[in-house]
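Per the working numbering: the sequence shown = residues 61 to 617. Below is one structure, written out as structure tokens; comments come after it.
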Amino acid sequence: MTALNQDHPKTYNSEPIRRQFETEFDFLNVFERNARRFANKPALSDPPTGRVWTYAELNAEANRLANALYADGVRKGDVVSVGLYNGAEFVFAYLASQKIGAIFNPLNYNWSPNEIAYAFDDSRPKIFIFDAETESVVAKALQTAEFPPAQTVRVGAPETVEIECVSFEEFVAPFGCDAPPKPEGVSIFDEIARLYTSGTTGRSKGVPINRMNEVMSAHEVAMRYPIFSDDVTINTTPWFHRGGFHGGMTPTLYLGGEIVILRQFNPSTCLKCVQKRKVTILLGVPSAMTMVARKQEKAHADVKSLRLLVMMGSDLERAVYRYLQGVFAKIDFINSYGTTESFLNTFLDSKDLPEKAGTAGRAAYDDDVILVEPIEDGWGSPDNLTPKDGKTLGEVIVRCNSKTAYGYFNKPEETARKFKNGYLYTGDLAIWDENEYVSIVGRKDDMMICAGENIYPQPIEEAICGCPKVSDCIVVPVPETTRGQALVAYVVLSDPTLTVAELLKFCSENPSLSSFTIPRYYRFVEELPYTATGKKQRFVLKRQAPDDLKAGVLQRN
């Protein structure tokens, strides 16, 4: 006992609550409670097939898979990797892993064979459950990996069989729906999920999620959206990323709502699902919401049930907000900023709009989101904040003890670089105002130097996207002898009649662009590289730009 405790003895016996909190405060206990009290209520629905699982039925399917995994040798702390589209088997696998204490590890189904093989070698899963549509890619990954999973399970029927494995139905068929053996020694600090970062700057890193992180992420959503047991949610983003996973799927089950499956994003399918299942909350990135709105202007689907649009992944710009507000009248809006490591950390909601559109909002209730001096290859002090003047750049650092495990799996050097002083150093650069509304400007590694000026791409991209004939834009540097770097704008057109001369005139007349921030080179493209969560992958085009310049495909102003 410390001297402090001797001077101030306990006024009650805290051992029972400590023991209960550390061993029972988890997502699974809440879900199984919901399976009893909401037994006959829809938990999961798949509109294309018409299949609906009640909470009791969903719990039974999770038990069946958990029993199959346990019989296959999967135990507490083992990794269950999945490469699945949004679907019932994804949810079954998540819950089944929880029930036996395994680590649920959803992988990006769009990854290349080498990326999947890297994840196998990094996490070394006991089993991999994958979608038949990815059979060819998975087959190559299994051949490439040094530590492939011992068991593979296929969901669906492939066009061509390339992997000798068992089907999902065959894997679970021998087993009943009784609860599996409970794991021993459970703690709120146990890793229960491992998500890989989206790869905006290169190779993905495994992010451990512990049991407490799961619960508190659900609590964050319950408070901020909010979400209730009578809500019906549909997520346009993949569940393998944290925004889709903890932003929509898990809190819906935690609160007793209904998840509507959208296997892959399609605006028409999305609207049909909203109408058929009376969806109340629609989640996705702003660009996806814009596509849904454009389709709605033609389709006129019955979306009166919608009460909330939840967005994440990029800023909600004023023009986009105005447009969405015009299409979806009398609906509330939320936009949020966060990371795989720390979940959602700032929120911008309807009471902030339209005045604060374009900002990332303010810190979540339980989080500290502050701006410090951006130091290259270093860490600004949390005690030395940048001025709240709306113009001084700082690095965004986040403290959110309940939603992060403060580290990466198997990456001690990366952990030491990103987590310091009790904060996550995000690498994002921003400005903030006197009320601490944060506006993301770019990343430390996105900074460009042109004629001695430090330039960040996001304000330039936003200005170019203000052109009525432009749909999207990414600005990157390319080496140049005279100025060090020149700016290149990769532009997606909404009107194919736009010329470089016309776009240059627009930029020259834009008051937010100075002479040195107007790109020198332009290339009109069909699409831009994004992560699955809607974040721009500037590094892809940064690598490509020198080759494009050499090949003569960049047009000069």
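Yeah, the Cβ is synthetic: ideal placement off N, Cα and C, and Gly gets one too.
- Excluding the 5 residues flanking it on each side, A205 has same chain C-beta neighbours closer than 7 Å at A177, F180, D181, in chain order.
- Straight-line spacing of the CA atoms in H301 and T71 works out to 44 Å.
- In the structure shown, N273 falls within a helical segment according to DSSP collapsed to helix, strand and coil.
- When C-beta atoms of the segment 583 to 598 are compared with those of the segment 544 to 559, three or more pairs fall below 8 Å, so the two segments count as touching.
- About 6 Å separates the beta carbons of I491 and G450, which is inside the 8 Å limit, making them a contact pair.
- Here T452 carries a coil assignment [DSSP, helix/strand/coil].
- Non-local C-beta neighbours of P185 in its own chain, meaning closer than 7 Å and more than five positions away in sequence, comprise V139, V140, S141, N165, P209, ordered along the chain.
- Rounded to whole angstroms, the separation of the alpha carbons of F479 and D443 is 16 Å.
- In the displayed model, S396 falls within a strand according to three-state DSSP.
- Between A417 and the set A99, D426, A423, F407, the nearest pair of CA atoms involves F407.
- Counting only the Cα atoms, A201 lies some 8 Å from S172.
- For I435, there is no enclosing alpha helix (DSSP H), as DSSP marks it with neither H nor E.
- The beta carbons of S374 and P414 sit no closer together than 9 Å.
- Looking from the CA of Y497, the closest CA among A424, R543, I435 belongs to A424.
- Our two residues, Y256 and F403, have alpha carbons roughly 13 Å apart in a direct line.
- Of all alpha-carbon atoms in D607, A561, N570, L564, the one lying nearest the alpha-carbon of P539 is that of D607.
- Spatial neighbours of P519 in its own chain (CB-CB distance under 7 Å, excluding positions within 5 residues in sequence) are listed in chain order as V501, S572.
- Under DSSP, G502 forms a beta bridge with L489.
- Each residue's CA atom was taken as its position, placing T419 and Y381 some 12 Å apart.
- The distance from the Cβ of E455 to that of V432 is about 6 Å, consistent with a contact at the 8 Å cut-off.
- Spanning the alpha carbons of A353 and G304 requires a straight line of approximately 20 Å.
- By the CB criterion at 9 Å, V370 and L331 fall outside the cutoff.
- Assignment of beta-bridge partners to A253 by DSSP yields F164, I269.
- For R214, the three-state secondary structure derived from DSSP is strand.
- Inside the segment 72 to 140, DSSP marks whole alpha helix (DSSP H) runs of 4 or more residues at positions 75 to 84, 87 to 97, 115 to 131, from first to last along the chain.
- For E117, the closest C-alpha among the options R135, N94, A128 is that of N94.
- The shortest CA-to-CA distance from T452 to any of K463, D493, V232, D427 is the one to D493.
- Note that the C-beta distance between G245 and F288 is not below 9 Å.
- Taken atom to atom, the span from the alpha-carbon of D555 to that of L88 is near 50 Å.
- Around H306, the same chain offers S277, F403 as residues with beta carbons nearer than 6 Å, after the five sequence neighbours per side are excluded.
- Within the DSSP secondary-structure output, T406 pairs in a beta bridge with Y397, A423.
- Residue pairing from DSSP places M372 in a beta bridge opposite S396.
- In terms of CA proximity to A465, D250 leads the group D250, K595, L104, P243.
- Between L376 and N395, the C-beta spacing is below 9 Å.
- Considering only E562, E195, V90, M507, the residue with the shortest C-alpha distance to A546 is M507.
- Per DSSP, V535 is one residue of the beta strand (DSSP E) stretching across 530 to 540.
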